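Notes follow the structure.
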Amino acid sequence: MAKIILLFPPYWTPAMPHLALPALSSYLRAHGVEVIQRDLNLEVFERVLTRDYLTQSMARLRDLARRGAGPGTAVPPERLRWALAEGAKLAAQVEAAVAVIRSPAFLDGPTGLQAFLTIVQSLEVASLPFHPAALDLLSYTPPAPVDSSRSLLQAVRAEQRNMFLEIFRRGILPDIVREKPDIVGISIPTEGQMLAGMTLAHLVKQSGLPCHVTVGGPHITMLRQQLPKAPALFKLIDSAVAFEGEEPLLRLAEAVTGQGGLAAVPNLIWRDGAAVRVNGPHPQPLSSQNWPDFDGLPIVRYLAPYPVLPLLTAHGCYHGDCAFCNVGYGRAGHFMPLKSAQVVAQMLALQRKYGIRHIFFADEAMTPRSMREMSALLSAQGSPIQWCGCMRFEKAITADLLQAMSAAGCRMILFGLETASERMIELMDKGTKRETMGRILKESTAAGIWNHTFFFFGFPTETMADAQDTVNFVYAHGDAIHSASPGEFVLERYSPVQQRPRDFGVRRIIERPEKDLAIYFDYELESGLDDQMAKTITERLLDVLPGKRFGQYYAQDTYRLLYAAYLHEHGRPLPGWLVAEADGT
Numbered sequence: 040m041a042k043i044i045l046l047f048p049p050y051w052t053p054a055m056p057h058l059a060l061p062a063l064s065s066y067l068r069a070h071g072v073e074v075i076q077r078d079l080n081l082e083v084f085e086r087v088l089t090r091d092y093l094t095q096s097m098a099r100l101r102d103l104a105r106r107g108a109g110p111g112t113a114v115p116p117e118r119l120r121w122a123l124a125e126g127a128k129l130a131a132q133v134e135a136a137v138a139v140i141r142s143p144a145f146l147d148g149p150t151g152l153q154a155f156l157t158i159v160q161s162l163e164v165a166s167l168p169f170h171p172a173a174l175d176l177l178s179y180t181p182p183a184p185v186d187s188s189r190s191l192l193q194a195v196r197a198e199q200r201n202m203f204l205e206i207f208r209r210g211i212l213p214d215i216v217r218e219k220p221d222i223v224g225i226s227i228p229t230e231g232q233m234l235a236g237m238t239l240a241h242l243v244k245q246s247g248l249p250c251h252v253t254v255g256g257p258h259i260t261m262l263r264q265q266l267p268k269a270p271a272l273f274k275l276i277d278s279a280v281a282f283e284g285e286e287p288l289l290r291l292a293e294a295v296t297g298q299g300g301l302a303a304v305p306n307l308i309w310r311d312g313a314a315v316r317v318n319g320p321h322p323q324p325l326s327s328q329n330w331p332d333f334d335g336l337p338i339v340r341y342l343a344p345y346p347v348l349p350l351l352t353a354h355g356c357y358h359g360d361c362a363f364c365n366v367g368y369g370r371a372g373h374f375m376p377l378k379s380a381q382v383v384a385q386m387l388a389l390q391r392k393y394g395i396r397h398i399f400f401a402d403e404a405m406t407p408r409s410m411r412e413m414s415a416l417l418s419a420q421g422s423p424i425q426w427c428g429c430m431r432f433e434k435a436i437t438a439d440l441l442q443a444m445s446a447a448g449c450r451m452i453l454f455g456l457e458t459a460s461e462r463m464i465e466l467m468d469k470g471t472k473r474e475t476m477g478r479i480l481k482e483s484t485a486a487g488i489w490n491h492t493f494f495f496f497g498f499p500t501e502t503m504a505d506a507q508d509t510v511n512f513v514y515a516h517g518d519a520i521h522s523a524s525p526g527e528f529v530l531e532r533y534s535p536v537q538q539r540p541r542d543f544g545v546r547r548i549i550e551r552p553e554k555d556l557a558i559y560f561d562y563e564l565e566s567g568l569d570d571q572m573a574k575t576i577t578e579r580l581l582d583v584l585p586g587k588r589f590g591q592y593y594a595q596d597t598y599r600l601l602y603a604a605y606l607h608e609h610g611r612p613l614p615g616w617l618v619a620e621a622d623g624t
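Start counting the sequence shown at 40; every next residue gets the next number (this note's numbering).
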């Protein structure tokens, strides 16, 4: 049978693995395919956060300081001076800082904060030679637009701007050449991974290795109609897979080893000589027995004090109607829940196999029914695992359910608040009520669960009064919201707003020909806050937030989960997001 190397490129959080490769590996291995999975996102962070790499970065920066740089690419002088002054100290400290973040010492506030700041600053020093590109703990900013195929094709070869070229050449590429796979599969869930993913494809092709290079993942799925119109990209890849990759990759493995043709692989977009072919789909029900397989991933090396693994309770979203959301990527009716007993069995199996005590459910939204069933099953096992996940503000979420979830190990719930304006809730098709949202936040806090909320400003036709409703709600529940992610509305491909703009007060969606790989669009509104005003509201809200002495725990979801679990274990209260901290907190 075929050999497949599955690769997960940056950027993603380096604090826990993504579920994509373990899910694919499990399915393929169960069907006899030899699979090697590599989390290159983690490997890039591991390479960059070393004394050796920062020393090399300093040499590059000194060279830049001597000779200058081309127009539009020069490192800002004040940042260059800072890096040259601080870089040697950071290089000496960075490996110890990584060791702290990988240990329980990270949960000691002052110790964890110092390590976190060292890593943040070290990443800036490492990125500066490739300015304007920037890699940090929360994102990657590419040196050029990746929503343009022309720009992307240039960036994958840009030695002076693409930091991944050298890292991949010295790291993963020799391993790929040595393994001689039949297929190299690159998972690209987000736009932020597009440059690194396509750089990998470019290097594999450039090596002359006789293998089939394919890409897949949610971002590729969103581009399924655009890729055939950008044939130059197929100089880097042989094919792309839309939607779920399990069955297509298995059929692709058969095809490349002479057991079928590419035309029979479902949801495949592939190069056929000078042409690009698009295969039709067929139903692909995913078996609930297809448990993710993390073998081959370095579970203990992620940048977190305890390993956290992702799981699902369902595929898709049971609501699926929110106007701003593109869940399903234009495919309707895609919700497949797993049986609660099977989910709990997976949790316990992961605990036994890897010794983990924390699970992050990556669902769009977990159902109240599954939470009730899972909580009973976990409590019967002594609640051995601490976990979190996303939920909707449903009336069915009662105080009793939240108490049961907490007793079963739930330490954090991530809620899609979005807005507290009743008019906007209805326009967004959220299906929630402000009164219910407030009740659940209070009852969840009473149960000892950390509440994280997402909300945004600037949905079409939103007024200042609507935005004020949201701000007022957040402040009114400041002691029941423990962290939040405020932001601005983005118009995304395959969302109801993009599909039916007039229904939501969008006069015109601006599609720029040069942005042939765009998934986000500028737009003109009939009325309401424009994007700049929405950004201003967000910034002003953030500007007046009370400071947090140990902000490292608020930086991203994995750290929030582990911090909430730490507070619970030590019997300490949950700090309100809008509540000023007393000294010693």
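No residue lacks a Cβ here, since even glycine has one placed at the ideal position from N, Cα and C. This one's a predicted model, so the numbers in the text were calculated from it and none came from an experiment.
Original post:
Contact check, Leu177 vs Gln591 under 8 angstroms by CB: the rounded distance?
Top reply: Position 138 of the sequence shown, counted from the start, is the residue given in the question as residue 177. Position 552 of the sequence shown, counted from the start, is the residue given in the question as residue 591. Between Gln591 and Leu177 the Cβ distance is about 12 angstroms, and since that is not below 8 angstroms, they are no contact.
Original post:
Which residue comes first and which comes last in the beta strand (DSSP E) that contains Asn490?
Top reply: The count along the sequence shown starts at 1 and reaches residue 490 at position 451. Note, Asn490: beta strand (DSSP E), Trp489 to Phe496.
Subject >> Simplified DSSP assignment, three categories, for His397 >> reply: As a first step, residue 397 must be located in the sequence shown, where it is residue number 358. In this structure, DSSP gives His397 an extended state, which the three-state scheme calls strand.
**OP:** Assign Asp439 to buried or exposed, taking buried as 16 or more other Cβ atoms, counted over all protein chains shown, within 10 Å of its Cβ.
**Re:** By one-based count along the sequence shown, residue 439 stands at place 400. Asp439 comes out exposed.
**OP:** Rounded to whole angstroms, what's the CA-CA distance from Val252 to Leu81? Just pull it up for me.
**Re:** Walking along the sequence shown from the start, residue 252 turns up at place 213. Walking along the sequence shown from the start, residue 81 turns up at place 42. In a straight line, the C-alpha of Val252 is about 21 angstroms away from that of Leu81.
Original post:
Secondary structure at Gln534, three-state DSSP: helix, strand or coil?
Top reply: Residue 534 sits at position 495 when you count from the first residue of the sequence shown. The question names Gln, but residue 534 in the sequence shown is Ser. Coil.
Original post:
Which word fits Pro21, buried or exposed, when buried means at least 16 other C-beta atoms lie within 10 angstroms of its C-beta?
Top reply: What the structure shows of the chain is the stretch from 40 to 624, and residue 21 is not part of that stretch, so it cannot be assessed.
**OP:** With DSSP as the reference, label Met375 as helix, strand or coil.
**Re:** What you label residue 375 is simply residue 336 of the sequence shown in a count that begins at 1. In the structure shown, Met375 falls within a strand segment according to DSSP collapsed to helix, strand and coil.
**OP:** Go ahead and label Leu584 buried or exposed: buried means 16 or more other beta carbons lie within 10 angstroms of its beta carbon, across all protein chains shown.
**Re:** Within the sequence shown, numbered from 1, the residue matching residue 584 stands at position 545. Sixteen is the threshold: since fewer than 16 other Cβ atoms of the shown chains lie within 10 Å of the Cβ of Leu584, the residue is exposed.
Subject >> Cβ separation of Thr500 and Leu456, assumed to be a contact under 8 angstroms, to the nearest whole Å >> reply: Locating residue 500 in the sequence shown gives position 461, where the first residue counts as 1. Locating residue 456 in the sequence shown gives position 417, where the first residue counts as 1. Going by Cβ atoms, the distance from Thr500 to Leu456 rounds to 19 angstroms, so no, they are not a contact pair.
**OP:** Look at the alpha carbon of Leu46 and the alpha carbon of Pro257, and state the distance between them as a whole number of angstroms.
**Re:** Position 7 of the sequence shown, counted from the first residue, corresponds to residue 46. Position 218 of the sequence shown, counted from the first residue, corresponds to residue 257. Their backbone Cα atoms lie some 15 angstroms apart in a straight line.
**OP:** Give the single residue among Met410, Leu580 and Thr484 whose Cα lies nearest to the Cα of Trp426.
**Re:** Locating residue 426 in the sequence shown gives position 387, where the first residue counts as 1. Of the candidates Met410, Leu580 and Thr484, the residue whose Cα lies closest to the Cα of Trp426 is Met410.
Subject >> Local conformation of Lys554 per DSSP, three classes >> reply: If you number the sequence shown from 1, residue 554 lands on position 515. Reduced to three states, the DSSP call for Lys554 is coil.
Subject >> Among Val139, Tyr602 and Asp91, nearest to Leu342 - alpha-carbon criterion >> reply: The residue given as residue 342 occupies position 303 in the sequence shown. Closest option to Leu342, Cα to Cα, is Val139.
**OP:** Please classify Asp582: is it buried, with 16 or more other beta-carbons within 10 angstroms of its beta-carbon, or exposed?
**Re:** Counted from its first residue, the sequence shown places residue 582 at position 543. Counting of Cβ neighbours within 10 angstroms places Asp582 among the exposed residues, the total staying below 16.
Subject >> Helix, strand or coil at Val583 according to DSSP, with G and I counted as helix >> reply: Translated into positions along the sequence shown, residue 583 becomes position 544. Note: Val583 maps to coil in three-state DSSP.
Original post:
For the putative contact between Ser187 and Asp555, defined by C-beta atoms under 8 angstroms, what is the C-beta separation to the nearest angstrom?
Top reply: Translated into the one-based positions of the sequence shown, residue 187 becomes position 148. Translated into the one-based positions of the sequence shown, residue 555 becomes position 516. Contact holds; Cβ gap of about 6 angstroms.
Subject >> Pair within 8 angstroms by beta-carbon distance, Glu286 and Ile44 >> reply: Working through the sequence shown from its first residue, we reach residue 286 at position 247. Working through the sequence shown from its first residue, we reach residue 44 at position 5. Taking 8 angstroms as the Cβ cut-off, Glu286 and Ile44 do not qualify as a contacting pair.
Subject >> Bounding residues of the beta strand (DSSP E) (the contiguous stretch that carries Leu88) >> reply: Here residue 88 refers to the residue found at position 49 of the sequence shown. No beta strand (DSSP E) contains Leu88, which DSSP labels as neither H nor E.
**OP:** Check whether the Cβ atoms of Met261 and Thr597 sit closer than 8 angstroms, and answer yes or no.
**Re:** Your numbering for residue 261 matches position 222 in the sequence shown. Your numbering for residue 597 matches position 558 in the sequence shown. Cβ atoms of Met261 and Thr597: not closer than 8 angstroms.
Original post:
If you check the beta carbons only, do Leu600 and Arg450 fall under 8 angstroms apart?
Top reply: For the purposes of this step, residue 600 is identified with residue 561 of the sequence shown, where counting begins at 1. For the purposes of this step, residue 450 is identified with residue 411 of the sequence shown, where counting begins at 1. It is a contact, given that the beta carbons lie within the stated cut-off.
Original post:
Helix, strand or coil for Gly148 per DSSP?
Top reply: The sequence position of residue 148 within the sequence shown is 109, counting from 1. Correct three-state label for Gly148: helix.
Original post:
So, are the CB atoms of Thr502 and Ala459 less than 8 angstroms apart?
Top reply: In the sequence shown, the residue the question calls residue 502 occupies position 463. In the sequence shown, the residue the question calls residue 459 occupies position 420. Contact annotation: Thr502 and Ala459 have beta-carbon atoms that are not nearer than 8 angstroms.
Original post:
Is the beta carbon of Ser534 less than 8 angstroms from the beta carbon of Ala362?
Top reply: As a position in the sequence shown, residue 534 is number 495, starting the count at 1. As a position in the sequence shown, residue 362 is number 323, starting the count at 1. With respect to the 8 angstroms criterion, Ser534 and Ala362 are classified as neighbours on the basis of their beta carbons.
**OP:** Report yes if the C-beta distance between Ala419 and Asp221 is below 8 angstroms; otherwise report no.
**Re:** The count along the sequence shown starts at 1 and reaches residue 419 at position 380. The count along the sequence shown starts at 1 and reaches residue 221 at position 182. A distance of 8 angstroms or more separates the beta carbons of Ala419 and Asp221.
Original post:
Taking all protein chains shown into account, do 16 or more other C-beta atoms lie within 10 angstroms of the C-beta of Asp360, making it buried, or fewer, making it exposed?
Top reply: As a first step, residue 360 is located in the sequence shown; it is residue number 321 there, counting from the start. When all chains shown are included, Asp360 counts as exposed.
Original post:
So, helix, strand or coil for Gly369, using DSSP?
Top reply: Taking the first residue of the sequence shown as position 1, residue 369 is located at position 330. In this structure, Gly369 counts as coil in the three-state DSSP scheme.
Subject >> Which of helix, strand or coil DSSP assigns to Gln390 >> reply: Here residue 390 corresponds to residue number 351 of the sequence shown, with the count starting at 1. In this structure, Gln390 counts as helix in the three-state DSSP scheme.
Original post:
Where do the ends of the alpha helix (DSSP H) carrying Lys42 lie?
Top reply: The residue labelled residue 42 in the question sits at position 3 within the sequence shown. Not the alpha helix (DSSP H): Lys42 falls in the beta strand (DSSP E), residues Lys42 to Phe47.
Original post:
Considering only residues of the segment 403-468, which uninterrupted alpha helix (DSSP H) runs meet the minimum length of 4 residues and lie entirely inside it, listed in chain order?
Top reply: Fully enclosed alpha helix (DSSP H) runs of 4 or longer: 407-419, 438-446 and 461-466.
**OP:** Look at the alpha carbon of Phe203 and the alpha carbon of Asp78, and state the distance between them as a whole number of angstroms.
**Re:** Residue numbering aside, residue 203 sits at position 164 when the sequence shown is read from its first letter. Residue numbering aside, residue 78 sits at position 39 when the sequence shown is read from its first letter. Distance between the alpha carbons of Phe203 and Asp78 is about 14 angstroms.
Original post:
Is DSSP giving Ala294 helix, strand or coil here?
Top reply: Numbered from its first residue, the sequence shown carries residue 294 at position 255. The answer is helix: DSSP assigns Ala294 an H, G or I state.
Original post:
Looking only at its own chain, which residues have a Cβ that is under 7 angstroms from the Cβ of Pro633, when we skip the five neighbours before and after it?
Top reply: Since the first residue shown for the chain is 40 and the last is 624, residue 633 is missing from the structure and cannot be characterised.
Subject >> Asp332 burial status per 10 Å Cβ neighbour count (16 or more: buried) >> reply: Position 293 of the sequence shown, counted from the first residue, corresponds to residue 332. Its Cβ being crowded by 16 or more others within 10 Å, Asp332 is buried.
Original post:
If we ignore side chains and look at the alpha-carbon of each, how far apart do Gly109 and Ala98 end up?
Top reply: The count along the sequence shown starts at 1 and reaches residue 109 at position 70. The count along the sequence shown starts at 1 and reaches residue 98 at position 59. Here the model assigns Gly109 a pLDDT of 48, short of 50, so the residue's position is not dependable, and the following value carries that caveat. Between Gly109 and Ala98, the C-alpha separation is close to 18 angstroms.
Subject >> Cβ shell of Tyr605 (< 6 angstroms), same chain only, five flanking positions each side left out >> reply: By one-based count along the sequence shown, residue 605 stands at place 566. If you ignore the 5 residues before and after Tyr605, its C-beta comes within less than 6 angstroms of the C-beta of Leu146, all in its own chain and listed in chain order.
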